[in-house]
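Taking it in order: structure first as structure tokens, then the write-up.
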Ligand code: GLU
């Protein structure tokens, strides 16, 4: 079906911090909407009053904004609805409950949790899939009245058509068929009066004009129920697409236990938003060609629903690091500077900021690693790694005495320093570069020495070469 305007949505329940899994769902919905010039809507599904927390909602909005996943309709942005938080939409749902009851498509159920548990057990032990027995399906108005007068609080159940085949085309998984007989009448309003997920989720998609729902495959079995609710209420049914799960290294769904960090933690640990979205855009989705690190708008241009994978996607930390490195290489200097620790800001002289960033950037995976180089370059502190010590010893004191002499002529010109030292010591290649690097930085790896020497200056370099000579 071709819609004039695509409207996708992300409908998180604010019962915890956002993780990579939920973010990827949000991302795919956002990319599809952005691509088509449609609307990406955000709805907060906070009907579970006990588990939903305002602080999680606030964090969720902040996380989405940090990632650049901006919604065109929803909380703090507005739109046609009075509220985008389900906890504030009770009156709307009440109207639809009444409509279903009036049509005899919903009925109060007084079965206690204990009764339901027993019925489930009996069905399971006789090898049947558990579903509601239909106990309260035929209560007479008098029975219902009597139970209400006893103070019993019923749930409201949706009365399923008995012999219906529910069929739909899933955007990702193709044709799907479910028999209503396999489902069983399900609860659409809890005993405490709050709406059940199936119900308000479907009703809101329809009322909010959502045309396309991309969500986790764990919701696939909910879809036939939701289609029936919408049809019963003469409300439009969106297109559904159920995307594959993300699995951890242990093949279990990605969660805190097997390595998923919350978005908040990723941000605090120095992951760049570009890296996270570029990685996730390739997790369970493939681009026709490899397009490299791209801003969201360009990822959207290359996104295609047809290339959403059916098979579970495996989370791979190394891949995410690859995108982090790519993002670190591309981030502009002033933004990178802002991300560095206050201690780095205090250590690096302002006139050397640019040079410092260009020198250390290729060696940083995370902004916090810059502090190490700021200390190497602008403080007297120098921690000698074992490999550096070995290198110094192999080079011997005379090498460093020559280096000090060469430095007096070359000053901070590294190329000249190397040339002079090569001539005076007769060494070349690794034997020439490594001892110098080890003496000046305490390490055998790191950013380009020409930059480092120029940044640390002649006085500090001389001092370190003297220490190296003494050490040998
Ligand atoms: N609130 C539901 C969840 O977070 C939304 C499911 C859906 O996208 O329909 O799982």
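Residue numbers (our numbering): 635 to 1106. Where a beta carbon is used, it is the ideal one built from N, C-alpha and C, also for glycine. In this text the structure is predicted, and so the values were computed from the model without any measurement.
Do residue 805 and residue 836 have their C-beta atoms closer together than 9 Å? no
I'd like to confirm something about residue 645: is its beta-carbon nearer than 8 Å to some heavy atom of the ligand GLU, or not? yes
In whole angstroms, what separates the C-alpha of residue 961 from that of residue 696? 21 Å
Is there contact here, the region 883-897 with the region 816-832, by at least three beta-carbon pairs under 8 Å? Counting C-beta pairs closer than 8 Å gives fewer than three between the region 883-897 and the region 816-832, which falls short of the contact rule.
Between residue 666 and residue 939, how many whole angstroms is the CB-CB distance? I'm expecting something under 8 Å. Their Cβ separation, rounded to whole angstroms, is 7 Å, which keeps residue 666 and residue 939 in contact under 8 Å.
Looking at the strands, I want to know which residues DSSP matches up with residue 1021. Paired residues: none, contrary to the question.
Quick check on this structure: which residue in 800, 824, 807, 823 has the alpha carbon closest to the alpha carbon of residue 814? 800
Neighbour-count burial assignment, residue 808, 16 or more Cβ in a 10 Å radius: exposed
What residues in its chain sit with their C-beta under 7 Å from that of residue 1022, if we drop five residues either side in the sequence? 1072, 1076, 1077, 1078
I'd like to confirm the pairing. Which residues does DSSP put opposite residue 789 in its beta bridges? Answer by DSSP bridge pairing, in chain order: 743.
Do you know whose CA, among 641, 647, 654, lies nearest residue 950's CA? Distances from the CA of residue 950 to each of 641, 647, 654 were compared; the closest alpha carbon is that of 654.
Using DSSP with H/G/I as helix, E/B as strand and the rest coil, what is residue 988? In the displayed model, residue 988 falls within a helix according to three-state DSSP.
Residue 894 beta carbon less than 9 Å from that of residue 880: yes
Distance CB(residue 1094)-CB(residue 1014) smaller than 9 Å: Less than 9 Å divides the Cβ of residue 1094 from the Cβ of residue 1014.
Can you name, in chain order, every residue of its own chain whose Cβ lies under 8 Å from the Cβ of residue 661, other than the five neighbours on each side? 701, 703, 911, 914, 915
Within 10 Å of its beta-carbon, does residue 983 have 16 or more other beta-carbons around it, so buried, or fewer, so exposed? exposed
For residue 694, tell me which candidate among 868, 999, 646, 736 has the shortest Cα-Cα distance. 646
What three-state label does DSSP hand residue 1097 in the structure shown? helix
If I follow the unbroken beta strand (DSSP E) through residue 655, where does it start and stop? Taken as a continuous stretch (DSSP letters only), residue 655 belongs to no beta strand (DSSP E), being part of the alpha helix (DSSP H) at 654-670.
Using 9 Å as the threshold, is the C-beta distance between residue 1066 and residue 1055 below it? yes
Just list the alpha helix (DSSP H) runs in the region 716-781, keeping only unbroken ones of 4 residues or longer that don't cross its boundaries, in chain order. Within the region 716-781, the complete alpha helix (DSSP H) segments of 4 residues or longer fall at 724-736, 747-759, listed in chain order.
Whose CA, out of 844, 1001, 968, lies closest to the CA of residue 987? 968
If I follow the unbroken alpha helix (DSSP H) through residue 800, where does it start and stop? Note, residue 800: premise wrong, no alpha helix (DSSP H); beta strand (DSSP E) at 799-804.
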